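S.K.:
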Amino acid sequence: MHYDPIKKTLGQVFNRTPWLRRVFYHLLDLLLLRTWHVHRELRTWAKGRTEEPLVILDAGSGYGQYTYWLSGLSRKWQILAVDVKEEQIADSNQFFRQIGRPYVQFAVQDLVLYQEPNTFDLALSVDVMEHILEDVEVFRNIHASLKDGGMLLISTPSDQGGSDVHGDGESSFIEEHVRDGYNIHEIQQKLRTAGFERIEARYSYGEPGQISWRLSMKYPIQLLGVSRWFFLLLPFYYLVTFPFCLLLNWLDASRVHDSGTGLIVKAWK
């Protein structure tokens, strides 16, 4: 299934007013399990740093929800969010100007080519690397762009059923993916090849998370792929499933998993 047209439609609906966009961000924060894991890691990283003038890169910003969340933690942080989609970048710049956050800037950049040597204290890459074939080149660019001691945080599907692929004969649920998921050792080796020395990786989307993902993302996306009229039924669908998804997300984010369909990876320069 092609996910980008559905994402574009969602963006058009929630970009109509700054209030709607804020609501959209909060809904994503609650529904998307990866957000629970990413926020947990970012809270740990941010402890004791909110008064420091840091520079952050959101590498593959998408809707901009992670930039929005980070920019709410400290007005002393300068955040650059980059993506290849010009329309999303323009919308995001307009939104952040409207809400009075001039310390946030969005720009059109290709991560395979983009470098800002020794600039960033933190780089964030959430559900991006599964879309880019030249992953080692991106890791090298981010490594070069980090300051000494800077950290890269990655969320991406694993090879344990990421992208809803469970066998050799299956294809990715999201057709824009260039890989079904990373082996946990493979991505660490690629990061070492790019220059990172200290690397930590763990699984996300264990059993509770996989159920939540199907309820909160897979089934609604499949129905939206059949007909956009399902937008009218979404509030009623989530009215039933939302409490279960919240409980499952909490269970997944609070446990250590021996295996899972997602990976959370941290690498330091």
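Numbered by the working numbering, the letters in the sequence shown go through residues 997 to 1265 in order.
Idealized CB from N, CA, C, for every residue including glycine.
Note that the structure is a prediction, hence the values are computed from the model and not measured.
Specify, as a first and last residue, the run of the beta strand (DSSP E) that Tyr1199 falls within.
M.R.: From DSSP, the beta strand (DSSP E) with Tyr1199 extends over 1194-1200.
S.K.: Report the residue from Phe1227, Gln1206, Thr1046 whose alpha carbon sits nearest the alpha carbon of Pro1216.
M.R.: Phe1227
S.K.: Just to confirm before moving on: does the CB-CB distance between Pro1204 and Asp1248 stay below 7 Å?
M.R.: Going by C-beta atoms, Pro1204 is nearer than 7 Å to Asp1248.
S.K.: For Phe1102, write down the residues that DSSP places opposite it in a beta bridge.
M.R.: Ala1077
S.K.: When the Cα of Trp1246 is compared with those of Asn1011, Arg1018, Arg1017, His1035, which residue comes out closest?
M.R.: His1035
S.K.: Using a Cβ-Cβ cut-off of 7 Å (strictly less than) and excluding sequence neighbours within five positions of Asp1155, which residues of its own chain qualify?
M.R.: Excluding positions up to five away in sequence, the list reads Asp1176, Gly1177, Tyr1178, Asn1179.
S.K.: Select from Leu1259, Ala1263, Glu1083 the residue whose C-alpha is nearest the C-alpha of Ser1151.
M.R.: Leu1259
S.K.: Pull up the DSSP beta-bridge partners for Met1147, would you.
M.R.: Met1147 pairs with Leu1118, Trp1264.
S.K.: Note the first and the last residue of the continuous alpha helix (DSSP H) segment covering Asp1087.
M.R.: 1082-1094
S.K.: In the DSSP assignment, what are the bridge partners of Glu1208?
M.R.: A small correction: the amino acid at residue 1208 is Ser; Glu does not occupy that position in the sequence shown. Residue pairing for Ser1208: DSSP places it in no beta bridge.
S.K.: Restricting to Cα atoms, I'd like to know which of Trp1032, Tyr1021, Glu1182 is closest to Ser1250.
M.R.: Nearest option by C-alpha distance: Trp1032.
S.K.: Helix, strand or coil for Ala1055? Go by DSSP, reduced to three states.
M.R.: strand
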